[in-house]
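Okay, so here's the structure we're looking at.
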Amino acid sequence: MPAPSDTPNSTDSETNAESPAEETAAADGFTVTPYAVDGEIDYEKLLERFGADPLTDEQIARFPDHPLLRRRTFYAGRDVDDYLEAAAAGDPHAIVTGRGPSGPMHLGHVLPLYLAKRFQRETGATVYIPLSDDEKFLAKDQSFDSIGEHTRENLRDILAVGFDPDRTRIIVDTADADVVYPIAVRLAKHLTPATVEAVYGEQDTVGLQFYPAVQATHLLLPQLVGGRQPTLVPIAVDQDPHVRVCRDVAAKEALPVDKPGALLGRFLPSLEGPGKMSSSGDAPSIELTDDPETVAETIRTHAYTGGRATLADHREKGGDPTVDVPFQYLRFFFEPDDERLERIAADYRSGDLLSGELKEVAIERITEFLADHQRRRAGLGSLESELEPYRLTERERRRALERVGVPTGLEG
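Okay, structure coming up:
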C-alpha cells in the first residue's frame, strides 16, 4: 500500500475520508472491508486506496527476523519507525492483534499471533489480544451461545501459542464489558456517522455503526492501561479500516494516547487457488485442530497447483510456484529456511519436482506445526484457570477508565 503520510489532511482525517466501500470496489474490481472480501485483490492498489506505506528493506531488517516479514507477507504499515525505535531502545511498546470468534481457527487466523509472540520474545513487547464476540453476533447469523462456544475454543488456541502472561492481556468484549463499553462510549463521542459511513459504507444495523468505537477501544487499551507508547497492529488488510478510524479518533488529542501504527498483511491463499482468500466462507481450509490424516486429505484433494496438465508436460515445461497453493503455504510461514524454499521453487520450475511431491512437502511441514500447537493445547488445564493470568487486573481496569475520564464507581 504506497501512500501519503499520515497527517491531519490524509486518509486519517475526517475531512478526507475514504470513499464508500461499494464505490471503490466497483472501480477496482474487488472488495476489501472488515465484513467482505471478494475478487482478485491488487495489493498495490490497496496501498493507494487505504493510504499506508510499503515496508522498506531497512525497516524489515530492524524487526525481529520472521518469514512473514522477510518474505513480505506483511508488506506495508503506518508509523512503523516509532515502534521500531521504542523496541530498539527498550522503551514500552505494544502489539494488538485479535480474533473474531465466529468459527474454528484456521491456519491463516493464527499466523499473526505467532508473529506477535516472536516480537514479545525478542523485544519484550506487551501483547493485547481482543476477541470481538459482540461484533460477530452483530455481523453473523449466529446465536450468542454459538459464538460463546467458538470463543472458548478460540481462546484455547490462543493460549496454546504460548504468550508470556506477564506481558499479555486477553480481552473478551462481553466478558470485559465493564471496561470496554465505557471507553467505547467515550471514544464514540469523537466519531460521526459520516466518518463511519465513508470508511465502512452503509451498515445493516446501529450495532455495527457503533462497533468502530469498540474496535478503537481495543487498539488504544495498551496506552490507556500502560501510558503513551508506540502500538503496532499486525492485521490482514481487510481490517485496516478499524485502524484508520482509531487513528482519526486518537488524532483529536482529547485523550492521553498516540495514534496506533499498523502492519498490513496479505491473505493466506485459499486452497481453491488464485483470486480466492482464506476468509471465503465455504472454501475448504485447514483448522488448527485437524489431525494429520485430515490435513493430508484436504491438501491432496483441494489444494490448487501450478503444475501442468500431464506428467510429460510438467517434466518438460515445469510448474509455476507463484500460483501453487502448497508452495505459497510454505513461502508464507511453513518453510522457515529461505535457501531450502528457493531450491523447492527451482526444482518445481524445472519440472524435477512434481505437484504431488510438492503437496507432500507442504503436508509434512504443516502437520509438524500443528502437532506442536496441538500438544500445547492439549496440555492446558481448565479455561478459567488458564485464562486468569492474562486478564486485566482491577488496577489496570481502573487506570484505563480514569485515563478517559470515566468514574470507576457509584460512590460520591
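Here the working numbering is used: the first residue of the sequence shown is 31, the next is one more, and so on.
The C-beta atom is built at its ideal place from N, Cα and C for all residues, glycine as well.
Remember, predicted model here, so these are calculated numbers, not experimental data.
Three-state secondary structure (DSSP) of residue i
i: Asp87; result: helix
i: Ala266; result: strand
i: Val126; result: strand
i: Leu285; result: coil
i: Pro299; result: strand
i: Glu317; result: strand
i: Gly231; result: coil
i: Thr222; result: coil
i: Thr247; result: helix
i: Ile293; result: Residue identity differs from the one stated: residue 293 is Leu in this sequence, not Ile. Three-state DSSP puts Leu293 in a strand.
i: Thr335; result: coil
i: Ala55; result: The predicted model places Ala55 with a pLDDT of 40, which falls under 50 and marks its position as unreliable; any figure quoted below should be read in that light. Here Ala55 sits in helix by DSSP.
Run of the alpha helix (DSSP H) containing residue i, from where it starts to where it stops
i: Pro160; result: No alpha helix (DSSP H) contains Pro160, which is instead part of the beta strand (DSSP E) from 156–161.
i: Ile213; result: 207–218
i: Pro322; result: 322–332
i: Ile396; result: 385–408
i: His139; result: 137–153
i: Gln358; result: 355–359
i: Thr352; result: Taken as a continuous stretch (DSSP letters only), Thr352 belongs to no alpha helix (DSSP H), as it is neither H nor E.
i: Thr181; result: 174–191
i: Glu416; result: 413–417
i: Glu424; result: 424–433
i: Glu372; result: 368–380
i: Glu74; result: 73–80
i: Pro97; result: 97–100
Residue environment, residue i, which counts as buried when at least 16 other CB atoms sit within 10 Å
i: Gly411; result: exposed
i: Val267; result: buried
i: Glu88; result: exposed
i: Ser132; result: buried
i: Leu422; result: buried
i: Asn147; result: Sequence check: residue 147 is Lys here, not Asn. Result: buried.
i: Ser308; result: Legend: pLDDT at Ser308 = 48, less than 50; position of this residue unreliable, no value from coordinates given.
i: Thr235; result: exposed
i: Glu165; result: buried
i: Pro351; result: buried
i: Gly409; result: exposed
i: Phe174; result: exposed
i: Phe336; result: Before going further, note that residue 336 is Gly rather than Phe in the sequence given. Its Cβ being crowded by 16 or more others within 10 Å, Gly336 is buried.
i: Leu341; result: exposed
i: Gly120; result: exposed
i: Pro142; result: buried
i: Arg277; result: buried
i: Ser380; result: exposed
i: Asp206; result: buried
i: Arg182; result: exposed
i: Arg274; result: buried
i: Glu152; result: exposed
i: Ala91; result: exposed
i: Asp467; result: Since the first residue shown for the chain is 31 and the last is 442, residue 467 is missing from the structure and cannot be characterised.
i: Asp320; result: buried
Contact belief for residue i with residue j at Cβ below 8 Å, rounded distance in angstroms
i: Ala333; j: Val353; result: 11 Å between Cβ atoms; not a contact.
i: Asp163; j: Val210; result: Actually they are not in contact, since the Cβ atoms of Asp163 and Val210 sit about 11 Å apart, beyond 8 Å.
i: Leu238; j: Leu168; result: 5 Å
i: Ala116; j: Pro264; result: Ala116 to Pro264, Cβ: 16 Å. No contact.
i: Arg197; j: Gln150; result: 6 Å
i: Ile200; j: Leu384; result: Contact doesn't hold; Cβ gap of about 44 Å is too wide.
i: Val325; j: Leu371; result: So it is not a contact: roughly 20 Å between Cβ atoms.
i: Val191; j: Tyr158; result: In fact, because the Cβ distance is near 14 Å, the residues do not count as touching under 8 Å.
i: Ala280; j: Leu251; result: Not a contact, Cβ separation roughly 12 Å.
i: Arg102; j: Leu85; result: 7 Å
i: Ile316; j: His136; result: 6 Å
Unbroken beta strand (DSSP E) run spanning residue i, endpoints
i: Ile200; result: 198–202
i: Ala106; result: 104–108
With a threshold of 8 Å, are at least 3 pairs of Cβ atoms found where one atom belongs to the region 332–352 and the other to the region 125–137?
no
At least 3 beta-carbon pairs within less than 8 Å: the region 421–440 vs the region 245–255
yes
Q) Is there contact between the region 415–426 and the region 380–389, where contact requires at least three CB pairs shorter than 8 Å? A) no
Quick test of the definition: if touching needs 3 or more C-beta pairs under 8 Å, does the region 101–109 touch the region 282–296? yes
*asked:* Tell me whether the region 210–227 and the region 75–84 touch, counting them as touching only if at least three CB pairs, one residue from each stretch, are closer than 8 Å.
replied: no
For the 8 Å Cβ check, are there 3 or more pairs between the region 357–376 and the region 83–99? yes
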